[in-house]
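> Counting from 304, one number per residue, gives the positions in the sequence shown under the working numbering. Built from N, CA and C at the ideal position, the CB exists for glycine as well. I have a structure here, written as C-alpha cells, and I will follow up with some questions on it.
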Amino acid sequence: MSQLQMVVIDADESSRSNVIRLIEEIGFVELIGDFENMLTAYDVIMQARPPLVFFDLTENIDLALDTIEKITSIHKNIFIIAASESVEADLVIQSMRCGAREFLVKPVAKDDMQRALKKARNAMRQDQDTSEGKIFSVFSNKGGIGKTTLATNLALQLTELTGEKVCLIDLNLQMGDIATFLDINPSFDIAYVITHLSRLDESFLHSSLEKYKDKDLFILADPPDIEQAEEISSDDISTLLTFLKSMFGYIIIDTSSSFDVKTLTCLDVSDYIFLVLMVNLPSIRNCQKCLSLFKRLEYDEDKIRLIVNRYVEDDEITTEDVEEALTHEIYWKIPNSYFAVMSSINKGIPISELDTDSDISRNFIRLAEKLSGISSNLAGEEEDDEGFLSKLDLEPVLEKLREMNLPIVNKFLNQQEQ
Ligand SMILES: Nc1ncnc2c1ncn2[C@@H]1O[C@H](COP(=O)(O)OP(=O)(O)OP(=O)(O)O)[C@@H](O)[C@H]1O
Ligand SMILES: [Mg+2]
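Spelled out as C-alpha cells, the structure:
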C-alpha cells in the first residue's frame, strides 16, 4: 500500500508541531496539510479526500463534532483520529458517534500515534476490499459493436440484483447514446459536473445525476456540445471517478472507440475492462491490437474481460478459435438478438425491461450474477422449467418420430440418446 495521505487540524501550534513530528518519524503517512482552522481544513478535505485526518477537539467542541459528522457522512471511508486533553468518557463517546474511529489523549505520545495509524492502515485495507465501488469500463476500438447495449443493460441488472447504487457514465463524449437508449432527458451532464468539481460532494452529485425511473441507477450523460467535451481533462475524469467510487457500488462506463487520453485514464482506473468483440476477422484483429496495447500498458491480464457480442452457435469461427488467436479466455458471450435489441433501442427501453424473459435479458442477469457473486431466482425458475418438461411423457411422441425414419430426425434422436 502506498503512503496514506493525512490532514492535521489543531488550533494549538506546539501541539500541531508535535503531531507532525510524530507522523514524520512513524513514516508510512504523508502529510498533505496542517491547519489551525477547522473550516479551512474542511474545504481541503472535501476536495483532496485524504483517507486520514487528525482532529483536535480541545477548542470549539460542538463545531468540531459537527464538522466530523459532516465529513464522515459524505466521505464514508475516512479515518478520523480525534484528540483532546480531556479524557471525559462523554467526549470520547460523542466523537465516536459522530464518526471518529480513534481517540488519543493530548499531548499525543508516539506509541499511541503509531498504534492509531496502524489501525487506520488496516481499516483502510479492509475498506478497499469491501466498500469501494467497482469500476467496469466497456470498451472496443471498433464502433457499433454493442458497447452501449451492454453498458445500459448491465448497469440496470446490477442495480436490480445487488440493491447497490449504480452509476452509468457516458464517456463517449462526442457521440454518446446512453440518454437515447434510456429515453431520458438529463438536466445536467458530465461537463457540468466537471466544471463544478470544487463543489464535488454527495449532495451536489445527487442533484446533478439523472435518476433512472425509481431505481438506484444514476446516469451521468455526455455533454450536448462537442466544444464542452473538449474542455474536460483526463485529470478531471480521474478526480470524478475516484469520488464516485466512494458513493456507488458499481460504476459502469460506456467509452468512446478511440485510445484518447481520457479513455485511457478511465481504463487505467477500471477494475475490469470489458473488451467487446464479434466473432469475425476484422473484429478479432482489432481486438488483438487492443490486447497488445494493454500489454504494453502493463494491465493485469485478469483486468481484461473479453465479451463476445452477437454470439451465434455453429459459427464458422468457433470461440476456441477466437481464444487461440487472442491467447485470452472469453469471459462472456451475449447472444445475437437483432430484432429484440433494435426494438429496445427504438423504444428507448432497455431490453432487460422490455422483454424480461428473452434469452438476451436472462443473459444480462447471468452476467450481473457472475460479476456480483449474487444469484437471482432465475436458477430456480429454470429448474422449474426443466422439471415441468421432465414430467411430460415424451416416449409416444419419440416413437412416432422414429417410425417416420427421416434422416434429420434420426440425427436429432441419436444425439439425444448419446
Ligand atoms: N446482442 C445483440 N444482438 C443483436 N444486435 C445487437 C446486439 N448488440 C448490439 N446490437 C446492434 O448493434 C448496434 C450497435 O449497438 P451499440 O449502439 O450498443 O454499439 P456501440 O458499440 O455502443 O456503438 P457506438 O460505437 O456507435 O457507440 C445496435 O444498433 C444493435 O442493432
Ligand atoms: Mg455507443
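Could you tell me the alpha carbon to alpha carbon distance between Asp538 and Val564, rounded to whole angstroms?
Those two C-alpha atoms are separated by around 10 Å.
> Check whether the Cβ of Asp658 lies closer than 7 Å to any heavy atom of ligand 1, and answer yes or no.
Flag unset: Cβ of Asp658 not near ligand 1.
> Could you tell me the alpha carbon to alpha carbon distance between Met309 and Gln591, rounded to whole angstroms?
Spanning the two alpha carbons is a distance of roughly 43 Å.
> If we require 3 or more residues per run, which beta strand (DSSP E) segments fall completely within the stretch 482–559?
Entirely contained in the stretch 482–559, the beta strand (DSSP E) runs reaching 3 residues are, in chain order, 520–523, 553–558.
> With the cut-off set at 8 Å, would you say Lys606 and Tyr575 are in Cβ contact?
Yes, Cβ-Cβ distance for Lys606 and Tyr575 is below 8 Å.
> Just tell me which of Ala419, Leu520, Glu513 has its CA closest to the CA of Phe767.
Residue numbering for the chain in the displayed model covers 304 to 721; residue 767 lies beyond these limits and cannot be assessed.
> Which residues in the same chain as Glu513 place their Cβ atom closer than 6 Å to its Cβ, once the five residues preceding and following it in sequence are excluded?
Here the set comprises Ile487, Pro489, Ile522.
> Please work out which residues of its chain come closer than 7 Å, Cβ to Cβ, to Val322, disregarding the five sequence neighbours upstream and downstream, and give them in chain order.
Counting only Cβ-Cβ distances below 7 Å, and skipping sequence neighbours, we find Val311, Asp313, Phe357, Val411.
> Measuring straight from C-alpha to C-alpha, what distance separates Ser725 and Leu459?
Given a span of 304 to 721 for the chain in the structure shown, any question on residue 725 remains unanswerable.
> Any heavy atom of ligand 2 closer than 7 Å to the CB of Lys468?
No - ligand 2 has no heavy atom lying nearer than 7 Å to the Cβ of Lys468.
> Confirm the yes/no value for this check: CB of Arg613, any heavy atom of ligand 1, distance under 7 Å.
Flag set: Cβ of Arg613 near ligand 1.
> Per DSSP, what kind of secondary structure is Lys409 in: helix, strand or coil?
In this structure, Lys409 counts as coil in the three-state DSSP scheme.
> Assuming the contact rule is C-beta atoms closer than 8 Å, Asn475 and Ser559 should be a hit. Round their C-beta distance to whole Å, please.
Indeed, because the Cβ distance is near 4 Å, the residues count as touching under 8 Å.
> Give me the residue from Glu328, Ala392, Pro353 with the minimum Cα distance to Thr545.
Closest by alpha carbon: Pro353.
> Below 8 Å on the Cβ atoms is my guess for Lys759 versus Thr622; work out the distance and round it to an integer in Å.
The question about residue 759 has no answer here: the residues shown for the chain are numbered 304 through 721.
> Round the Cβ separation of Lys409 and Ser387 to the nearest angstrom and send it over; I've been treating them as touching at under 8 Å.
Indeed they touch by this definition, with Cβ atoms about 6 Å apart.
> Please report how far the alpha carbon of Leu609 lies from the alpha carbon of Ile493, in whole angstroms.
Answer to the nearest angstrom: the Cα atoms are 27 Å apart.
> Roughly how many whole angstroms lie between the Cα atoms of Asn639 and Thr451?
For Asn639 and Thr451, the distance between alpha carbons rounds to 15 Å.
> Just to confirm, does Lys565 get its C-beta within under 7 Å of one of the non-hydrogen atoms of ligand 2?
False, no ligand heavy atom lies under 7 Å from that Cβ.
> If you measure from the CB of Thr568, is any heavy atom of ligand 2 nearer than 7 Å?
Checking every heavy atom of ligand 2 against the Cβ of Thr568, none is found closer than 7 Å.
> Within 7 Å: the Cβ of Asp480 and any heavy atom of ligand 2?
True, at least one ligand heavy atom lies under 7 Å from that Cβ.
> Sorted by chain position, which residues of the same chain lie with C-beta nearer than 8 Å to Ile371's C-beta, five sequence neighbours on each side aside?
Once the five neighbours on either side are set aside, the close Cβ partners of Ile371 are Phe358, Ile383, Ala385, Ser398, Cys401, Gly402, Ala403.
> Would you grab the beta carbon distance between Glu626 and Ile633 for me? Rounded to a whole angstrom, and I think it's under 8 Å.
With 8 Å as the limit, Glu626 and Ile633 qualify as a contact, their Cβ atoms being about 6 Å apart.
> Write down every uninterrupted run of the alpha helix (DSSP H) in the stretch 320–365 whose length is 4 residues or greater and which is fully enclosed by it, in chain order.
List check, alpha helix (DSSP H) in window: 341–351.
> Is Asn666 near ligand 3, judged by its Cβ being under 7 Å from some heavy atom?
This structure simply doesn't include ligand 3; it includes ligand 1 and ligand 2 instead.
> If you drop the 5 nearest sequence neighbours on each side, which residues of the same chain put their C-beta closer than 6 Å to that of Glu732?
Given a span of 304 to 721 for the chain in the structure shown, any question on residue 732 remains unanswerable.
> Let me make sure I understand the geometry here. Which of Lys373, Asp571, Ser317 has the alpha-carbon closest to that of Leu342?
Taking only the C-alpha atoms, the option nearest Leu342 is Lys373.
> With burial defined as no fewer than 16 other Cβ atoms inside 10 Å of the residue's Cβ, what is the status of Asn583: buried or exposed?
It is exposed - the Cβ of Asn583 has fewer than 16 other Cβ atoms within 10 Å.
> Taking 7 Å as the limit between beta carbons, can you name the residues of its chain near Asp658, skipping five residues before and five after?
Excluding residues within five positions, the ones whose Cβ falls inside 7 Å are Ala643, Ser664.
> Looking only at its own chain, which residues have a Cβ that is under 7 Å from the Cβ of Glu316, when we skip the five neighbours before and after it?
There are no such residues.
> Helix, strand or coil for Phe642 per DSSP?
The answer is helix: DSSP assigns Phe642 an H, G or I state.
> For Pro526 and Lys413, I'd like the C-alpha separation in whole angstroms.
If I take the Cα positions, the gap works out to 51 Å.
> Ignore the nearest five residues each way along the sequence and tell me which others in Leu355's own chain have a CB closer than 6 Å to its CB.
Within the same chain, Leu355 has close Cβ partners Leu307, Met309, Phe382, Ala423.
> Check the DSSP bridge columns for Gln308 and list the partner residues they point to.
For Gln308, which the question treats as bridged, DSSP gives the partners Glu333.
> Please determine, among Ser389, Asn444, Ala351, Gly336, the residue with the shortest C-alpha to C-alpha distance to Leu594.
Minimum Cα distance to Leu594 is reached at Asn444.
> Closer than 7 Å to a non-hydrogen atom of ligand 2 - does that hold for the CB of Asp557?
Asp557: yes, Cβ under 7 Å from ligand 2.
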